[in-house]
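Numbering (full-length UniProt numbering), first residue to last: 1 to 225.
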Amino acid sequence: MRIDIITVLPEMIEGFFNCSIMKRAQNKGLAEIHIHNLRDYTEDKYRRVDDYPFGGFAGMVMKIEPIERCINALKAEREYDEVIFTTPDGKQFNQPMANNLSLAQNLIILCGHFKGIDYRIREHLITKEISIGDYVLTGGELAAAVMADAIVRIIPGVISDEQSALSDSFQDNLLAAPVYTRPADYKGWKVPEILLSGHEAKIKEWELQQSLERTKKLRPDLLEE
1 MRIDIITVLP
11 EMIEGFFNCS
21 IMKRAQNKGL
31 AEIHIHNLRD
41 YTEDKYRRVD
51 DYPFGGFAGM
61 VMKIEPIERC
71 INALKAEREY
81 DEVIFTTPDG
91 KQFNQPMANN
101 LSLAQNLIIL
111 CGHFKGIDYR
121 IREHLITKEI
131 SIGDYVLTGG
141 ELAAAVMADA
151 IVRIIPGVIS
161 DEQSALSDSF
171 QDNLLAAPVY
181 TRPADYKGWK
191 VPEILLSGHE
201 AKIKEWELQQ
211 SLERTKKLRP
221 DLLEE
């Protein structure tokens with residue numbers, strides 16, 4: 001998989017992709033992450049990527065020209081499954097969406113900034129608009145990093161224990177069951193006996209029951225989907 005991230009602040013996320021699972025995925029050749037500075041696609045000496053909005057509205061708006069140049073330059077080299085725009089008013093990002101996007105070969109993620117982008121970009125160049133929550137960030141870089149992490153980590157081979165990824169919260173719309181490690185008794189705080197029994201079928205039954213109970217208590221909305 002290849003993910004191209006378009007941003008006005010590349011330094012904000014470069015470090016994120018050079019450590020932990022994201023670095024491992026790239027070292028294994030399972031994912032490529034390329035970060036593009038939008039200012040490199042401007043044509044004026046000040047490298048402007050924003051301008052005042054028509055209509056006298058507050059804030060600044062990302063200009064259409066450098067964004068189109070960057071996207072077109074990438075598309076000239078390969079086909080892309082999706083051109084994603086990070087925006088608070090997009091569709092809520094979730095695990096099923098991450099699962100689907102992990103099957104793609106090539107993705108572009110455009111990081112929003114300022115008051116927003118010229119709406120014509122959304123009408124003509126963007127194929128999917130995604131939000132990571134009902135709140136506003138300084139820019140879409142953190143949202144792009146969140147999405148890339150969620151997508152890449154479930155690519156087969158990225159995580160050595162694939163069953164661990166498949167049993168994470170939100171797979172099958174359920175929260176994960178509680179997990180414990182040694183010691184089995186710490187200051188009287190004991191691990192559930194069933195987990196020490198070695199009875200695989202009963203442990204699986206306990207795991208499902210715990211997942212259902214935690215989901216019902218903490219995220220009942222997931223059971224309605």
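We put the beta carbon where it would ideally sit given N, CA and C, even for glycine. Please read these numbers as outputs of a predicted model, since none were measured by experiment.
Taking residue i as the reference, which of the options has the closest Cα?
i, options, result
"V61", "D50, I67, R69 and F54", "D50"
"E79", "M22, P178, A104 and A144", "A104"
"Y41", "H34, R24 and N72", "N72"
"V152", "L195, H124 and Q95", "Q95"
"S102", "A58, L125 and A148", "A148"
"R120", "I64, C70, T138 and L218", "I64"
"S20", "A145, K45, I6 and S211", "A145"
"A143", "R2, M1 and I13", "I13"
"T138", "T7, I3 and R2", "T7"
"E11", "E205, R47, E141 and I155", "E141"
"E213", "H113, P178 and A98", "P178"
"Y46", "A201, P66, I154 and N27", "P66"
"K28", "D221, L218, L196 and I159", "I159"
"N99", "K187, I154 and G90", "I154"
"L196", "R219, K75 and A184", "A184"
"K75", "R48, N106 and F54", "N106"
"I194", "G188, G112, K204 and K217", "K204"
Does the beta-carbon distance from residue i to residue j come in below 7 Å?
i, j, result
"F93", "L110", "no"
"E82", "K128", "yes"
"K115", "G59", "yes"
"F17", "I33", "yes"
"D4", "I117", "no"
"L208", "T215", "no"
Between the C-alpha atoms of residue i and residue j, what's the straight-line distance to the nearest angstrom?
i, j, result
"P192", "L175", "18 Å"
"residue 229", "H199", "This structure cannot settle anything about residue 229, because the visible part of the chain is limited to 1 through 225."
"G157", "L9", "30 Å"
"L30", "T181", "31 Å"
"D172", "C70", "37 Å"
"A25", "I126", "27 Å"
"W206", "R39", "54 Å"
"Y52", "T87", "19 Å"
"S211", "E225", "16 Å"
"I130", "R2", "18 Å"
"D161", "A150", "16 Å"
"Y135", "A201", "42 Å"
"I132", "E43", "32 Å"
"D89", "E123", "14 Å"
"R219", "Y186", "29 Å"
Residues bridged to residue i by DSSP?
i, result
"H113", "G139"
"Q92", "S131"
"W4", "The identity of residue 4 in the sequence shown is Asp, whereas the question assumes Trp. Note: D4 sits in a beta bridge opposite H34 and I108."
"E82", "L107"
"W206", "Partner(s): none; W206 has no beta bridge."
"D185", "K190"
- Entirely enclosed alpha helix (DSSP H) segments - the segment 24 to 78, minimum 4 residues: 64 to 75
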